[in-house]
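Some notes on the structure that comes next.
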Amino acid sequence: MRDAGILRNTAVAVSKGRIAMIGAANDLKNAYSNAEVIDCRGGVLTPGLVDSHTHAVFGKPRFEEHEQRADGLDYMEIAKRGGGIHASVRDFRQRTEDELYTLAIPRITELASYGTTTLEVKSGYGLSIEDELKAMRVIGRLAERQPVRIVATWLGAHEIPHEYRTSEARRAEFIDLLIDAMLPRVVEQDIARFADVFCEPGVFTIDETQRILEASRDAGLGIKLHADELKPCGGAELAASLGAVSADHLAAISQSGIEALAKSDTVATLLPGTMLFLGKTRQAPARALIDAGAAVALASDFNPGTSPTVNFPLMLTLGVSQLHMSLAEVLIAATVNGAAALGLAGETGQIAPGFAADLALFGIGDVRELPYWYGARLCVGSWKAGAPCHPYETGSNLHHRSPEVVPTG
Ligand SMILES: [Zn+2]
C-alpha cells in the first residue's frame, strides 16, 4: 500500500468500456485518431472510488438520535425510546418497493457526485423473509437502472427483530429462519452476491455468525461480516478462518485478530466516519493492520443511524487525520482494496489496461488536495465502464482553490 503509482501529464484511452492504453496525450491521439477527446484540464483522474460498505436503501432518516446522543443517551436508552435499527426496521416494513426505490435514487446520485462509481448496498432493515426479499429487489433495480456499479449484499442477520427477542427459544427460531427459509429464497432470487452478519455481543454470537456464514457460503454466496466494532469477540479471526472477502468495522479488534487478517486474503474494511459521527474517540488500528501486512479498505458505512454521509472522500481525510494513513494508503484503500473487498480486484479500482473504465475526475491540481479540502465536493465528473456516472461539469473552475497549481494539460 506504499505506492499509489501516481503519474503526471498522462492520458487514458478507453475502448468498449475498458481501459485500453495509458501514456502521453500525443501518443494516444496517434494511436486512437478517431476517438472522442475529453479534456481533463489538468485535474486529478483516479480510479472511480469503491465504497464497499453501505446501507443505502432505507426509509426515513434518524436525525433525532444524533441530538439524543449529544444529550448523553446511550444505545440502550435510544432503543428504549423507539430508536436505533429497530426504528429503521419498523419504517422499512411499512414502505413499498417503489417508495424505497424512489427514496434511494437521489441518495445514490449524491454519492456518485463525490466520485464513487462502485457501491456495495446491504439489505438488513427488513428482517422478515418478505421484507428482506423486497430490500434485495430494490437493490437489484438500482443496480440495473442507476449509472453506478452496485454490488448487493444480503444482511438478513443485521439484528434480532423485536418479535424474536422474547425468549432464547424464539431467538434460536430466528437463526433457523435465516438459514433454512430466508437464505434459500435470497439465493433463488439471484440478486445478492454476498451474505453479511452483524457479529457483536448482544446481536449475533460468534457461533451463530459462523453457522449463518457457512450456510451462505455453501449456498454459493461470498461472505463478509461486521466484526469487533464495540468489543473484541473473535470476529476478525472468524472472518479469516472462513475465507471472508472482508471483515468490517474492527475498532475493537484484538492483536490475534490483526495477525489473523494479516495472514489471510480477507480485507480489513475500516469505517472511520461512523466513529466520528458517534462521537467515539477510538478508531480502528489502521497502522497496526497495515504494518502487520493486512489489506485495509476504507468505506463510508452510509446509513441513517450511525453514518449519514454520502461524502466518500471525507473518509480519506479521516484516514489520514485519525487513522494515521499515508496519502498512498488512503487512495489504495478507497480503490484497489475496496474492489478486493467486493471480489472485483481484477475488474475495477485501478487505471490499468484491461480494467473497466471506472474513473473519477477531481477539480484539483495535486492529488494531495483530495483529503486536504475536507468536506468539499471536488469531483467534477465520473464514468463507469466509460459511460457518464456523474456528468462532467465542464463549466467548473478546476483550480480555484490552489492558485499556485498550474494546469499542465
Ligand atoms: Zn454496516
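The numbers in the sequence shown follow my numbering, run straight up by one, and end at 410. Here a beta-carbon is modelled for each residue, glycine too, at the ideal position from N, C-alpha and C.
Collapsing the DSSP output to three states places G203 in coil. Secondary structure within the segment 18 to 76: the beta strand (DSSP E) runs of 3 or more consecutive residues, fully enclosed, are 19 to 24, 45 to 48, 50 to 52 (chain order). For T167, the three-state secondary structure derived from DSSP is coil. In this structure, T117 keeps its C-beta atom at 8 Å or more from the C-beta atom of D302. Counting along the chain, the unbroken alpha helix (DSSP H) around P314 starts and ends at 313 to 322.
Cα atoms of S129 and G157: separation of roughly 8 Å, rounded to the nearest angstrom.
Here V187 carries a helix assignment [DSSP, helix/strand/coil].
Partner residues in the beta bridge of F363, as assigned by DSSP, are V45, C380. Contact annotation, E394 with V381: C-beta distance approximately 5 Å; criterion of less than 8 Å satisfied. DSSP, reduced to helix, strand and coil, places H159 outside both helices and strands of the structure shown, so it counts as coil. For the pair I23 and T11, the Cα-to-Cα distance works out to about 7 Å. Around the CB of M137, 16 or more other CB atoms lie within 10 Å, so the residue is classed as buried.
For P162, the number of other beta carbons within 10 angstroms of its own is at least 16, and it is reported as buried.
The residue among A80, P185, Y102 with its C-alpha nearest the C-alpha of G141 is Y102. K30 sits exposed, since fewer than 16 C-beta atoms from the chains shown fall within 10 Å of its C-beta. For S247, the secondary structure class from DSSP, reduced to helix, strand or coil, is strand. If you check the CB distance, T47 and A361 come in under 8 Å. Looking at the backbone, the Cα of T206 and that of C200 are separated by about 6 Å.
Put simply, the backbone Cα of S16 is about 30 Å away from that of N312. Buried is the label assigned to T154, since at least 16 other Cβ atoms lie within 10 Å of its Cβ. Between ligand 1 and H87, a heavy atom-to-CB distance of less than 7 Å is absent. For the 8 Å CB-CB criterion, L143 and A105 form a contact.
One Cα belongs to S265, the other to V297, and the distance between them is close to 12 Å.
As DSSP reads the structure, P389 sits in a beta bridge with W384. Exclusion of N31 from the 7 Å shell around ligand 1 follows from its C-beta lying no nearer than that to any non-hydrogen atom of the ligand. In the DSSP assignment, A289 falls within the unbroken alpha helix (DSSP H) covering 287 to 293. Annotation: V368 is outside any beta strand (DSSP E) and is labelled neither H nor E by DSSP. By the neighbour-count criterion, in which a residue is buried when 16 or more other Cβ atoms sit within 10 angstroms of its Cβ, L239 is buried.
Under a 10 Å Cβ-count criterion, F356 is classified as buried, with 16 or more other Cβ atoms of the shown protein chains found around its own Cβ. As DSSP reads the structure, H87 sits in no beta bridge. Residue pairing for R150: DSSP places it in a beta bridge opposite T119. A Cβ-Cβ contact shorter than 8 Å links D197 with K123. Taking a cut-off of 8 Å for Cβ pairs, the segment 246 to 263 and the segment 283 to 292 touch, as three or more such pairs fall below it. With respect to the 8 Å criterion, G127 and A386 are not classified as neighbours on the basis of their beta carbons. Bounds of the beta strand (DSSP E) holding S16 are 12 to 16.
Annotation for A298: the continuous beta strand (DSSP E) segment containing it runs 297 to 299.
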